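Engineer:
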Amino acid sequence: MQKFNSVDELVNTIRPVDPIYCIRPNSIKSACSWFKSNFPGKILYAVKTNPNEKVIKHIGECGINRFDVASINEIKLIKKIFPKAHTYYMNSVKSREHIQDAYFNYNIRDFALDTKEEIQKIIEATNNAKDLTLYVRVSISNEHAEIDLSQKFGALPGEVLGLLRLAKAHAKKVGLSFHVGSQCMHPISYAKGIRD
């Protein structure tokens, strides 16, 4: 892989016709270090934000070893790079076949859902496994996001308690998840999601 001191140098030297990847390992390490220093909880990297293998390797080398995956291909990618990484299947709509593959072939035990039908699918696809952690995804306001996903994913507030009870009847652990929307740059949205 060629190395350049800046994007300008890369463009002027290569003069690319097609899109190219510019990976800045020091920026990745700096961002990981800052986040780890400022966030006291468990950190999950959402693979869909940048599924480049080199980027993921740098993130893992920084000590982030939990990954939010949205597809079976993302699971395969993470397990190829970091076979023992803790991987969470956080897409709230999955096929039975992908749930089954994730559970039996990739040791995935954490799944998100936002409907009774999705709980039933997970239970059936895992043969009523007792070692699941199920996260009910709650729909919250995405007013500060560039892309509002609140109408697309997430259980309505009035449905959440029933889904949690149903999940608890079939899972070792249950939890809540929410998404403040893509490209949300307002910290208040996270506080509001937790509060609501």
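Be aware that the sequence shown starts at 1, since it is given in our numbering, and climbs by one per residue. In this text, a Cβ means the ideal position worked out from N, Cα and C, and glycines have one as well. Model, not experiment: these values are computed from the prediction.
Which whole-angstrom value describes the C-beta separation of His58 and Pro25, a residue pair presumed to lie in contact below a C-beta threshold of 8 Å?
Structural biologist: Correct: roughly 5 Å between the Cβ atoms.
Engineer: Tell whether a beta-carbon distance below 7 Å holds between Val160 and Leu134.
Structural biologist: It is not a contact, given that the beta carbons lie outside the stated cut-off.
Engineer: What's the gap between the Cα of Glu124 and the Cα of Gln2?
Structural biologist: Going by the C-alpha atoms only, they are around 49 Å apart.
Engineer: For Arg66, report the span of its alpha helix (DSSP H) as first-last.
Structural biologist: Premise fails: Arg66 lies in the beta strand (DSSP E), Arg66 to Val69, not in any alpha helix (DSSP H).
Engineer: Specify the secondary structure class of Ala169 as computed by DSSP and reduced to three states.
Structural biologist: Three-state DSSP puts Ala169 in a helix.
Engineer: So the candidates are Pro157, Gln100 and Val136; which of them puts its Cα closest to the Cα of Ala167?
Structural biologist: Closest option to Ala167, Cα to Cα, is Val136.
Engineer: Could you pull out every residue in the same chain whose Cβ sits closer than 8 Å to the Cβ of Arg66, ignoring the five residues on either side in sequence?
Structural biologist: Here the set comprises Lys42, Ile43, Leu44, Tyr45, Ala85, His86, Thr87 and Tyr88.
Engineer: If you draw a straight line from the C-alpha of Ala171 to the C-alpha of Met90, how long is it?
Structural biologist: Those two C-alpha atoms are separated by around 16 Å.
Engineer: Give the C-beta separation of Ile72 and Asp101 to the nearest angstrom, bearing in mind that I take them to be a contact with Cβ-Cβ under 8 Å.
Structural biologist: That pair is a contact at about 6 Å.
Engineer: Taking the beta carbon of Thr13 as the centre, do at least 16 other beta carbons fall within 10 Å, making it buried, or is it exposed?
Structural biologist: Flag for Thr13 reads exposed.
Engineer: If you drop the 5 nearest sequence neighbours on each side, which residues of the same chain put their C-beta closer than 7 Å to that of Leu164?
Structural biologist: Only Val136 and Val174 meet the Cβ criterion.
Engineer: Measure the C-alpha to C-alpha separation of His98 and Pro51 and round it to an integer number of angstroms.
Structural biologist: Each residue's Cα considered, the two are about 19 Å apart.
Engineer: Can Ser92 and Leu113 be called in contact, C-beta distance under 7 Å?
Structural biologist: In this structure, Leu113 lies closer than 7 Å to Ser92 by Cβ.
Engineer: Take Asn128 and list the residues in its own chain whose beta-carbon comes closer than 8 Å to its own, dropping the five residues that flank it on each side.
Structural biologist: Answer for Asn128: His170, listed in chain order.
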